[in-house]
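In our numbering, the protein residues as written are 269 to 552. Heads up: the structure comes next, in structure tokens.
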Amino acid sequence: MNILITGCNGQLGNEIQLLQKEQAQHQWFNTDVANLDITNQEMVERFVAENRIDGIINCAAYTAVDKAESDNTLCAAINAEAPAYLAQSVAKRGGWMIHVSTDYVFDGTNHTPYVETDTPCPNSVYGNTKLEGELNVQNFCPNSMIIRTAWLYSTFGNNFVKTMIRLGKEREELGVIYDQIGSPTYARDLARIIFTAIDKGIKSGIYHFSNEGVSSWYDFTKAIHRLAGINTCKVKPLRTCEYPTPAQRPAYSVLNKTKLKETYNIEIPYWEDSLRECIAQLEK
């Protein structure tokens, strides 16, 4: 198959590129904004047609959650409109699409893990545009999978794990939010799941994926420092109200992954085991 990757220079896109070596039977088209502007419908349609694309993995997203509150036009173009262009163009060829979405489509007021059938209720520009993108993909490409994920990190790019390691080495004290609960997700584990879906066949619908288990940002930071051997920085718990941000964060964004596990007969690693793997990669 000819498979298009968008956002190939991001965390997930880079992890997918690493795994492509094991998938030599497919032709991979790794793109980012420099060689494919997905907000340009004409450019997208031409690229998909000329390269006879059979499937798209859309890793591209506007993820600056706070900046999105004042930059909603660009955020909507990347998160809502571009997925529509990708979905339309690949559907014309009878192809499939995997679209990566987010826990921010929920407002975080649940107290039990969110299932795919829960009604979305985003309360940020980022969350609203990502939800619109989901709906567009479903509307324009019947053979599509939407995978919602949360708290993504990897060895690539800027992310929470790398920031906490850097700050832990630079500072004697650090305040981290303890009253927002979720599940850290190693981008390499998500990339592996995407490859499993391609190998076993795309089964359309919405799915949730994160690593197993739950954590607060505070607990996550404590684990990062422990596994990275940082013991010179005191981590203090902060309440959300002590660290105001332009965009509202979900207080509880744990995702129920039963549907994905049963559909593809997979086991998902525990978050701390995956964190240990990532930190070992970083230390290399």
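Yeah, the Cβ is synthetic: ideal placement off N, Cα and C, and Gly gets one too. All values reported here derive from a predicted model rather than from experimental measurement.
Do Glu440 and Thr500 come within 8 Å of each other at the CB atom, strictly closer than that value?
yes
May I ask which residues mark the beginning and end of the alpha helix (DSSP H) holding Gln295?
Note, Gln295: premise wrong, no alpha helix (DSSP H); beta strand (DSSP E) at 295-298.
Mapping the DSSP letters down to three states, classify Arg460 as helix, strand or coil.
helix
From Ile534, Phe488, Glu510, residue whose alpha carbon lies closest to that of Lys468
Ile534
With a 10 Å radius around its C-beta and 16 neighbouring C-beta atoms as the bar for buried, classify Tyr538 as buried or exposed.
It counts as exposed.
The alpha helix (DSSP H) spanning Ser472 covers which residue range?
Element bounds for Ser472: n/a, residue is neither H nor E.
Helix, strand or coil: how does DSSP classify Asn347 here?
helix
Exposed unless 16 or more other CB atoms sit within 10 angstroms - verdict on Ala292:
exposed
Report the rounded CA-to-CA distance for Ile492 versus Gly436, giving the unit in angstroms.
Cα to Cα, the separation comes out at about 9 Å.
Glu510, buried or exposed, once every other Cβ within 10 Å from all chains shown has been counted against 16
exposed
Looking at the unbroken alpha helix (DSSP H) that takes in Arg434, where does it start and where does it end?
428-438
Reducing DSSP to helix, strand and coil, say where Met365 ends up.
In this structure, DSSP gives Met365 an extended state, which the three-state scheme calls strand.
Cα separation between Thr531 and Arg416?
15 Å
Which runs of the alpha helix (DSSP H), 4 residues or longer, sit entirely within the stretch 511-547?
526-532
Determine the closest residue to Ala455 out of Met413, Val368, Asn303, Asp300, with distance taken between C-alpha atoms.
Val368
Inter-residue Cα distance where the pair is Ala355 and Val405
5 Å
Neighbourhood of Leu304 by C-beta distance below 6 Å, restricted to the same chain and skipping five residues each side
Phe315
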